[in-house]
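One structure is given below, encoded as structure tokens.
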Amino acid sequence: MSDVVLRDGGTVFIRPIRPGDAASLAEFHRGLSEESVYLRYFTPHPRLSDAEISHLTVVDYRWRMAFVAVIGDTIIGVARYEGKEGTTDAEVAFVVADADHDRGIGTVLLERLASAAQEAGITEFYATTLWENLRMRAVFQDAGFVTTSVRQGGEVIVRFPTRRSPRGAR
Numbered sequence: 027m028s029d030v031v032l033r034d035g036g037t038v039f040i041r042p043i044r045p046g047d048a049a050s051l052a053e054f055h056r057g058l059s060e061e062s063v064y065l066r067y068f069t070p071h072p073r074l075s076d077a078e079i080s081h082l083t084v085v086d087y088r089w090r091m092a093f094v095a096v097i098g099d100t101i102i103g104v105a106r107y108e109g110k111e112g113t114t115d116a117e118v119a120f121v122v123a124d125a126d127h128d129r130g131i132g133t134v135l136l137e138r139l140a141s142a143a144q145e146a147g148i149t150e151f152y153a154t155t156l157w158e159n160l161r162m163r164a165v166f167q168d169a170g171f172v173t174t175s176v177r178q179g180g181e182v183i184v185r186f187p188t189r190r191s192p193r194g195a196r
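In the numbering used here, the protein residues as written are 27 to 196.
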């Protein structure tokens, strides 16, 4: 848990998600544009169900991990990975409030996830994203990860190690 200075000079607090974030997460999701929701879920999804909120806020902090970026009590970004015991890879996903795009929040959240994943023995992330979601794919590059991508129709599967390459390390 720590304050982080963003590329625009603003700060956010990054911390693990917790069950008490349920109402804030629901409010965050309701505030996303239709486009952001579509790019994250691949379908219109205006409301998270109670079961989804529970699944997203109750994590085991090892195989299922999530971090939030907050200003005060307001969530402005969420990143998570979901792996399975006995494996060394995990699916990664993130979303940032529309008003806070291009501030570096996704990159910071991804870096925190990668560090937590390494501690849990997860060595590789993968993400399925829509072809048109250039912003998400750029976050992987901006964070210094060497990626491999496979396009399957309108989707791209991106894989990368949780440890940044020496050329990408900061």
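C-beta atoms are modelled at their ideal positions from N, C-alpha and C, and glycine is treated no differently.
Since we're looking at a predicted model, the values are computed, not measured.
Exposure label - residue i; buried when at least 16 CB within 10 Å
{"i": "residue 188", "result": "buried"}
{"i": "residue 196", "result": "Note that residue 196 scores 42 on pLDDT, short of 50, meaning its location in the model is unreliable; the coordinates nonetheless yield the value given after this. Answer is exposed; the Cβ neighbour count stays below 16."}
{"i": "residue 155", "result": "buried"}
{"i": "residue 162", "result": "buried"}
{"i": "residue 127", "result": "exposed"}
{"i": "residue 27", "result": "exposed"}
{"i": "residue 56", "result": "exposed"}
Best match in the options for proximity to residue i [C-alpha to C-alpha]
{"i": "residue 67", "options": "142, 167, 101 and 118", "result": "118"}
{"i": "residue 34", "options": "144, 125 and 160", "result": "125"}
{"i": "residue 178", "options": "190, 171 and 157", "result": "157"}
The alpha helix (DSSP H) enclosing residue i, as first and last residue numbers
{"i": "residue 166", "result": "160–168"}
{"i": "residue 143", "result": "131–145"}
Extent of the continuous beta strand (DSSP E) run through residue i
{"i": "residue 116", "result": "115–122"}
{"i": "residue 181", "result": "181–187"}
{"i": "residue 151", "result": "150–156"}
{"i": "residue 198", "result": "Lying outside 27 to 196, the shown extent of the chain, residue 198 is not represented and no answer is given."}
Residue i: CB within 6 Å of a non-hydrogen atom of the ligand NAP
{"i": "residue 154", "result": "With respect to the ligand NAP, the structure offers nothing, as it holds no ligand at all."}
Does the contact criterion of 3 or more C-beta pairs under 8 Å hold for the region 94–113 versus the region 123–137? yes
Please determine if the region 74–88 and the region 38–50 are in contact, where contact requires at least 3 C-beta pairs separated by less than 8 Å. The region 74–88 is in contact with the region 38–50.
Where in the region 27–104 do unbroken runs of the alpha helix (DSSP H), each at least 4 residues long, occur, reported from the N-terminal end onward? 48–57, 60–67 and 76–83
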